[in-house]
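I have placed the structure first, in the form of structure tokens, so that the comments after it can refer back to it.
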Amino acid sequence: MDRALQDFTVYNQRSWWILSWLPSWCPSSPFLLKTAEDKILQPIKLQFNRGHVPISDGNYIWTLSINEAQLSAQASAEEDPQVSFVLLHGFGGGLGLWVKNLSALAQTGRPVYALDLLGFGRSSRPMAGSQAEEVEEQFVQSLEEWREAVGVELMVLLGHNLGGYVSTAYALKYPHRVKHLVLVEPWGFPAKPEIRQMNCKVPMWIIALGTSMNPFNPLALLRLVGPLGPLLLQALRSDFKQKYYSVFKDDTVPDYIYHLNVQTPSGEIAFKNMTIPYGWAQRPMMHRIEMIDPAIRISVICGSRSCIDGQSGRTIQEMRPHSQTDVIVISGAGHYVFADQSEDFNQAVLNICSKYLDKKEKRKEKGLGKGME
Numbered sequence: 001m002d003r004a005l006q007d008f009t010v011y012n013q014r015s016w017w018i019l020s021w022l023p024s025w026c027p028s029s030p031f032l033l034k035t036a037e038d039k040i041l042q043p044i045k046l047q048f049n050r051g052h053v054p055i056s057d058g059n060y061i062w063t064l065s066i067n068e069a070q071l072s073a074q075a076s077a078e079e080d081p082q083v084s085f086v087l088l089h090g091f092g093g094g095l096g097l098w099v100k101n102l103s104a105l106a107q108t109g110r111p112v113y114a115l116d117l118l119g120f121g122r123s124s125r126p127m128a129g130s131q132a133e134e135v136e137e138q139f140v141q142s143l144e145e146w147r148e149a150v151g152v153e154l155m156v157l158l159g160h161n162l163g164g165y166v167s168t169a170y171a172l173k174y175p176h177r178v179k180h181l182v183l184v185e186p187w188g189f190p191a192k193p194e195i196r197q198m199n200c201k202v203p204m205w206i207i208a209l210g211t212s213m214n215p216f217n218p219l220a221l222l223r224l225v226g227p228l229g230p231l232l233l234q235a236l237r238s239d240f241k242q243k244y245y246s247v248f249k250d251d252t253v254p255d256y257i258y259h260l261n262v263q264t265p266s267g268e269i270a271f272k273n274m275t276i277p278y279g280w281a282q283r284p285m286m287h288r289i290e291m292i293d294p295a296i297r298i299s300v301i302c303g304s305r306s307c308i309d310g311q312s313g314r315t316i317q318e319m320r321p322h323s324q325t326d327v328i329v330i331s332g333a334g335h336y337v338f339a340d341q342s343e344d345f346n347q348a349v350l351n352i353c354s355k356y357l358d359k360k361e362k363r364k365e366k367g368l369g370k371g372m373e
């Protein structure tokens with residue numbers, strides 16, 4: 001990975017005239033996104049690196065890494081591959097939203113990587129595929145090319161929301177690179193139910209609104225209101241400030257989320273092309289979950305107060321009767337479980353991954369145990 005803290009962001013330009021007009025209408029820019037990211041990462045006291053990891057077609061994945069030197073040292077010594085943490089954010093997110101988790105996960109000494117998915121954050125924003133299968137392949141291949149460029153051999157792949165879907169799609173294609181799959185409130189697993197199968201009747205106004213908004217990108221309104229965008233975001237998602245209140249007393253997090261989502265809508269278009277009305281996946285992952293290598297352990301983490309379907313974890317367990325699948329419910333947490341109850345979430349992930357200590361780490365623990373006798 002390029003360790004230099006470079007400030008270059010080369011976004012592919014669109015011929016569509018409105019995309020060249022919107023940046024001047026919205027109080028944002030790639031530089032302001034960089035500034036917002038710098039601010040949200042300030043609480044991390046450990047040394048970390050950020051940089052662009054080049055992949056194919058002139059694209060790149062914006063990456064934050066901690067303990068990366070451990071991976072380099074292990075490669076030089078030609079030891080058994082070390083398992084790295086790789087974190088993938090959800091729709092509309094970015095690597096800065098893991099600010100309450102990165103330091104805790106890094107305490108293991110393992111390499112920890114947080115990525116901006118292709119089309120999101122400070123990663124490249126290329127033209128998105130028009131078909132759901134094509135878009136999925138773009139996400140998966142960009143992750144594999146990133147892995148090759150960085151030199152990671154084995155991963156604990158942790159994904160939230162859309163990141164959980166991408167992580168699972170990656171594990172389907174490259175199972176030998178995934179040691180453990182951690183799905184945090186994953187999106188896109190169940191198929192869209194029939195209206196008559198839903199527990200409650202969907203009001204006609206919601207159906208009408210969803211139909212009218214279907215031609216537009218999910219976050220188009222945030223850009224169309226221009227200078228009012230930051231206020232609109234704070235009004236609609238005031239909960240984000242509360243989620244991170246223990247770290248930030250100001251608008252650091254809403255500002256970061258705003259600047260993430262008013263740039264060229266590449267990942268946003270990609271996500272839209274993967275969905276059908278009301279946000280359901282065109283290619284539900286539950287239809288393919290049985291194809292996951294049975295040797296890959298899966299942990300599903302969800303919040304007890306989440307409005308997202310909470311049955312996916314149990315369904316995955318039933319569909320993998322001969323494979324290890326855990327469902328972990330974090331009490332008092334909503335969809336953003338890693339921010340709502342960060343300490344409980346961090347401990348759950350550390351417990352999950354403690355099962356994969358490297359041989360050297362096991363010997364070290366054994367030696368420490370003898371010394372304490």
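For the sequence shown, the UniProt record's numbering begins at 1 and goes up steadily by one. Using N, Cα and C, we set each Cβ at its ideal position, and we do this for glycine too.
Candidates the options, of which the one nearest residue i by Cα
i           : options                : result
L46         : V99, C26, A36, G93     : V99
K272        : E136, L115, G109       : E136
residue 405 : S299, L222, N101       : Because the chain in this structure spans residues 1 to 373, residue 405 falls outside the shown range and cannot be described.
I55         : Q107, A114, Q138, G121 : Q138
E268        : R223, S306, A339, I308 : R223
H287        : G119, V253, F189       : F189
L87         : V178, K39, Q42, D38    : V178
D255        : P81, L228, E145, I301  : L228
I292        : I328, V156, L181       : L181
L154        : V184, A235, P81, L172  : P81
E194        : W280, R237, L32        : W280
residue 375 : I296, Q311, I316       : The structure shown has nothing for residue 375, since the chain only spans 1 to 373.
A171        : V53, Q341, M285, L32   : M285
C353        : Y336, D326, Q341, S331 : D326
Y60         : E148, E185, A104       : E148
T264        : H176, F85, L219, V349  : L219
A132        : Q324, L221, A270, F31  : A270
G58         : A235, E68, M127        : M127
A142        : V83, E185, W62, L221   : Sequence inspection shows Ser at residue 142; the Ala mentioned does not correspond to that position. If we check each option's Cα against that of S142, W62 comes out closest.
F313        : D116, Q341, V53, P186  : Reading off the sequence shown, one finds Gly at residue 313, where the question assumed Phe. Nearest C-alpha to G313: P186.
N217        : S331, G226, N261       : N261
G332        : R305, R125, S65, I316  : R305
K241        : I40, K34, L115, L32    : I40
L115        : L97, L64, A104, G151   : L64
N346        : L233, G51, C302        : C302
E290        : L233, K34, A169        : A169
E134        : Q282, F338, I328, Q317 : Q282
Classification of residue i by the beta-carbon crowding that lies within 10 angstroms, buried from 16 upward
i    : result
A36  : buried
I276 : exposed
S299 : buried
S266 : buried
A106 : buried
C307 : exposed
Y278 : exposed
M274 : buried
H322 : exposed
L95  : buried
Y244 : buried
E145 : buried
E68  : buried
L350 : exposed
F120 : buried
A235 : exposed
G334 : buried
Q176 : This sequence places His at residue 176; Gln is not what is there. Under this definition H176 is an exposed residue.
S130 : exposed
Q341 : buried
G109 : exposed
S167 : buried
F31  : exposed
L117 : buried
Identified DSSP bridge partners for residue i
i    : result
P227 : Note: P227 sits in no beta bridge, so no partner.
S299 : V182, D326
L64  : R50, A114
V83  : L154
W25  : BP columns for W25 are empty, so no partner.
L281 : In the sequence as displayed, the identity of residue 281 is Ala instead of Leu. Its beta-bridge partners are T275.
Closer than 7 Å: residue i CB and nearest the ligand GTP heavy atom
i    : result
S130 : This structure lacks the ligand GTP, and indeed carries no ligand of any kind.
Evaluate contact between the region 25 to 35 and the region 233 to 253, counting only Cβ atoms and requiring at least three cross-stretch pairs below 8 Å. no
Secondary structure, alpha helix (DSSP H): runs of 4+ residues fully inside the region 229 to 276: 229 to 236, 239 to 243, 252 to 261, 266 to 272
Continuous alpha helix (DSSP H) assignments of at least 4 residues falling wholly in the UniProt domain "AB hydrolase-1" (85 to 205): 102 to 106, 132 to 150, 162 to 173
Report yes or no: do three or more beta-carbon pairs, one from the region 146 to 165 and one from the region 80 to 97, lie closer than 8 Å? yes
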